[in-house]
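Trainee: Note that my numbering has the sequence shown beginning at 77, numbered continuously upward. The structure that follows is given in the form of structure tokens.
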Amino acid sequence: MAESVVCLVIEKLVSLLISTEAKLSRDVRKEVGCIRDELESIRSFLMDADAKAAVEGEMDDSIKTWVRQVREAAYYIEDAIDEYLLCITRHHQDRGFLHKITRLVKKMKPRDEIASKIEAMKTLVSEIKARHERYGSNSSEQGQSSREMTVPWHDPRVASLFIQEAEVVGIESARDELINWLVKGASKHECREVISVLGMGGLGKTTLAKKVYDNQKVIAHFDCHAWITVSQSYNVEDLLRMMIRQFCKSTKEYIPEGIDTMDQESLIIKSREYLQQKRYVVVFDDVWKVDFWGAMEHALPDDKAGRIMITTRIKDVADFCKKSCFVHVHHLQPLPPNKAWELFCRKTFQFELEGNCPQELEELSHEIVRKCEGLPLAIVSIGGLLSTKDKSLSQWKKLYGSLSSELESNPHLTSLTRILSFSYHHLPYYLKSCVLYFGIFPEDCSISCTRLLRLWIAEGFVKSKKGKTLEEVGEEYLTELIHRSLVQVSRVYIDGKARSCRVHDLVREVLLRKGMESSFCHMLSEHESNFTPVTRRLSIDSSPSDALRSIEQSHIRSVLAFNQEEWPKSFLNTLSGNFKLLKVLDFADAPIYQLPKYVGDLYLLKYLSLRNTKVKLLPDSIGNLQNLETLNLKQCLVYEIPAKINKLLKLRHLLACYCDKSTDFSMTYYERGVKIHDGIGCLQALQKLCHVEANHGGINLIKALGNLRQLRRLGLKNLKSEDGRALCASIEKMNHLQSLEVSTISEDEVLDLKFLLNPPKFVRFLYLKGPLENFPSWVPKLQQLIKLRIFWSRLRDSPLKPLQNLPHLQELGFSYKAYDGVQLHFEGGFEKLRVLKLKHLKGLSSLIIDNGVMPDLQELHIGPSPQLKEVPSGIHHLRNLRTLRFVDMPKEFPRHMHPNNGQHYWVVEHIQDVLFSYKFGPRCGVFETHTLRDSSL
């Protein structure tokens, strides 16, 4: 973590050196360059310390102390730079007579202060470096001797090799599947095969692999076998020697002479010679390095007789093997609730109560098991700890309430904590800050991926790459964390991209503890109200208002609020004084009714979210936030954006819409955008702009949109017909556009988009709301289109033929008078379509689906369509359909499909979920739903 902070500070120093606004003297620039060079040297020491921690799971106390000093020094330098930049920014913002009189004083004071602080920085950094050079090696030796005096930690990965069959729970199905793959092969090709067992730490990969390896079918099928524990630090020659020895041992043959002195090439040759004409199996357990297979593949002959099993936390390890052999990846899943409960009871009550949980402890025990989220190591570790305690509800409650601190200090849980920490320690520096951010969010919180990426960018965690936006680089970071089994995907978009994500609750506990220890963040709550002065991020979770009032001037860069019932005005009013260096203000869902005008004094602010608050007005001072990148006003009551927003030239995301969910879905009342003044065209960094009410800006607004060449997403409401030509001209200039949503001012106003002759070729999501004279001829040109939804278009001719050959279309919807015809006939194509929604098509009386069409369809929604009297028999052809939902259809429909004597049951009998939903009350999206077998139908 300290390395991440130092890297951030180095980048700030470089920015300071090249900044034209900083106006540093030549001598000061030279000193800044020296500090940067010293920090680069210190960074190399930190990398060594991190590498050591990655292998051992911990650092020596002496190294910890030195790392803390480095971190605090880096924070001091960061504060000095940010305070100087704040002074410079304020100086540029000042206007008027007072500024003219005092400008020379204001100009000189910051420069004098930064010069003196830079001198102090240089002294501080030099002392820290010298201290490490004087005592570094001695500290390391002392640390080594202290480790030798302490009892070594118990590595559960070793214990996994000796677990008895009777102790294993919930792996039977996976075990049998892997045995089958090893013995019979997972592919039809006659070649060497790799089977990778993939999953997060503590999931039981080693246990599963060992049970497969020791199975009599496997032993009997192969001529020789070897088990190699790899881990994070290894020597290729040593692994090759170990593998050859084990192969020989398994066949009771002599070990080749001179093996101990052979180099890598000789060992590879010897291994290949030995394995010729033999059926072999080798397990490489706990592989971390992506290129591991590159070092081992040549030692293992490529023929149908070879089977290699790899256990790893990192998906890229398995993918790397694909370059030279067939790979089958087994994603090991957490234990289901019933198996998790069985394992917990077996471990906790194994020597008493006949293995059964006492009734008075059942509720709390189930809560403990739920927190483990099916992670076997967590269940076994916590169950083992509880087995040593009295079976007293009060004692168990006390332990459960202090589980976070127990993870750090209790010897029963130390192994669990270290196993979970290994994945963190193994991360490259640029991902450590990113993953620590998950500790800021509350327990059980699933986080929007787009929100997370914007926060990372605002914090400066995401580094620019040539040819990519910061958002695209951030997506790569998140994907890497997912592939390393640290982050779990909660929800996905229709195209499979992650929509929301989370971390395991116990991983979050580890990350939060690391974040608090390093002053990365602090969770302010009823139980945690004090934090260190250098704390960088404040997470306010259900914390009492008194704790908020007590916060005075700090160096906090980010404030995020969760689960607040009240919010003291005094806290908001003192933001610019107490939190002057803020970069992030995330008030999503907070009970805030007003944003103080002083928010404009937070000149360094990059991210401001008022999502789902009660704020109605933005102060004009918002125009002072010239570093602002994200302004999120979704579901808040702001309707008009101040004209001074046009000064925010770094703004990348302007998000604003309000849905009145107390009303039914409609074109005019359900959803509204915001009113924007002239001048929006100067915000050329904008990537997302939604939703803007076009009727307020008129033709000038529509034309100005053409200047926004970086837009990825555009949402327009209340468009008038006469503005269609101008809108098409503007859209054609948006070469990067990926998502477009356009709606007219009423159900009678024609949506005129016929002039869009050359649409942006990267459009993936398209939403059209309003009457169309004809289906737009340019839509079939959108070869990247994934999702198309059309509302109120009143099409008379079927649009299916123009759409059926779109190669990537996965979701299609015609809703609310989108189609006025009586028949929809799916004759061919739609190869990738997974979701089809035909909703509120009042005139539809016939739905024909030919055999072979939509072979991948998984969800089909129909209704209300009162003229559709019979269940479409073509549904029978949709063999991959999992969910069929009928909305507000006549009562005869479910009766015709009932399993008992329903004349159309044969049409739907292959479908897992057949649902019937009926509108319930005036609110949008509220339905009473029954299943096909529900007796109430």
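Beta carbons: idealized from backbone N, C-alpha and C, even for Gly. All of these numbers come straight from a predicted model, not from anything done at the bench.
1) Buried or exposed for Glu-887, please, with buried defined as at least 16 other CB atoms from any protein chain shown within 10 angstroms of its CB.
2) Tell whether a beta-carbon distance below 8 Å holds between Gly-275 and Arg-389.
3) Which value, in whole angstroms, describes the spacing of the CA atoms of Val-405 and Arg-355?
4) Taking only three categories from DSSP, how would you classify Thr-424?
5) Beta-carbon separation of Leu-762 and Leu-727 under 8 Å?
6) Taking just the CA atoms, how far does Asp-740 sit from Phe-1003?
7) Which residue marks the beginning of the alpha helix (DSSP H) containing Lys-473, and which one marks its end?
8) Taking His-986 as the reference, which of Tyr-330, Ile-821, Leu-920, His-952 has the closest Cα?
9) Judging by CA-CA distance, which residue of Ser-742, Leu-528, Arg-589 is the nearest neighbour of Ser-66?
10) Within the same chain, show all residues whose beta-carbon is closer than 8 Å to that of Leu-991, passing over the 5 residues directly before and after it, in chain order.
11) Identify the residues that DSSP records as bridge partners of Lys-863: which are they?
12) I'd like to know if the segment 975-985 and the segment 936-953 are in contact, where contact means that at least 3 CB-CB pairs between them fall below 8 Å.
13) Along the chain, where does the beta strand (DSSP E) containing Lys-913 start, and where does it finish?
14) Out of curiosity, what's the CA-to-CA distance linking Leu-1014 and Ser-509?
15) Only counting the same chain, and skipping five residues up and downstream in sequence, which positions put a Cβ closer than 7 Å to that of Lys-995?
16) According to the neighbour-count rule (16 or more other Cβ atoms, all chains shown, within 10 Å of its Cβ), is Glu-585 buried or exposed?
17) So which of His-812, Phe-838, Leu-844 has the shortest CA-CA distance to Val-818?
18) In the DSSP assignment, what are the bridge partners of Met-599?
19) By DSSP, does Gly-774 sit in helix, in strand, or in coil?
20) Quick test of your reading: Arg-612 and Ser-595, contact by CB under 8 Å. State the CB separation rounded to the nearest angstrom.
21) Please work out which residues of its chain come closer than 7 Å, Cβ to Cβ, to Val-227, disregarding the five sequence neighbours upstream and downstream, and give them in chain order.
22) Using alpha carbons as the reference points, say which of Ser-634, Glu-430, Val-579, Leu-781 lies closest to Met-599.
23) Please go through the segment 613-700 and give each complete alpha helix (DSSP H) segment of 4 or more residues, from N-terminal end onward.
24) Roughly how many whole angstroms lie between the Cα atoms of Lys-415 and Leu-408?
25) May I ask you to report which of helix, strand or coil DSSP gives Thr-739?
26) By alpha-carbon positions, which one of Thr-650, Ser-615, Ile-668, Gly-755 ends up nearest to Phe-678?
27) Could you say which of Pro-672, Asn-834, Gly-699, Ser-874 lies nearest to Pro-644 if we only look at CA atoms?
28) Is Tyr-151 helix, strand or coil when you go by DSSP?
29) Please look up how many angstroms separate the CB atoms of Val-357 and Leu-258, rounded, as I've assumed it's under 8 Å.
30) Who pairs with Asn-708 in a beta bridge, going by DSSP?
31) Kindly indicate which residue of Arg-105, Leu-661, Leu-816, Leu-588 has the alpha-carbon position closest to the one of Lys-198.
32) Look at Glu-114 and Ile-86 and say whether their C-beta atoms are less than 8 Å apart.
33) Measure the alpha-carbon distance for Lys-260 versus Gly-277 and round it to whole angstroms.
34) In the DSSP output, what is Ala-761 paired with across the bridge?
35) So Asn-771 packs on Ile-821, CB below 8 Å; how close in whole Å?
36) Can you give me the start and stop residues for the alpha helix (DSSP H) that Val-983 sits inside?
Mentor: Walking through what the data contain:
1) buried
2) yes
3) 21 Å
4) helix
5) yes
6) 12 Å
7) 469-477
8) His-952
9) With the chain running from 77 to 1013 in the structure shown, residue 66 is simply not present.
10) Thr-959, Leu-960, Arg-961, Phe-962, Thr-1005, His-1006, Thr-1007, Leu-1008
11) Phe-841, Glu-887
12) yes
13) 911-915
14) Because the chain here runs from 77 to 1013, residue 1014 falls outside it and cannot be looked at.
15) Asp-964, Phe-1003
16) buried
17) Leu-844
18) Ser-615
19) helix
20) 6 Å
21) Note that Val-227 scores 39 on pLDDT, short of 50, meaning its location in the model is unreliable and no value can be drawn from it.
22) Ser-634
23) 621-625, 645-649, 651-654
24) 14 Å
25) coil
26) Looking at the sequence itself, residue 678 is Leu, so the reference to Phe does not match. Comparing Cα positions, the closest option is Thr-650.
27) Pro-672
28) helix
29) 6 Å
30) Ser-685, Leu-731
31) Arg-105
32) no
33) 29 Å
34) Its beta-bridge partners do not exist; DSSP assigns none.
35) 6 Å
36) 981-984
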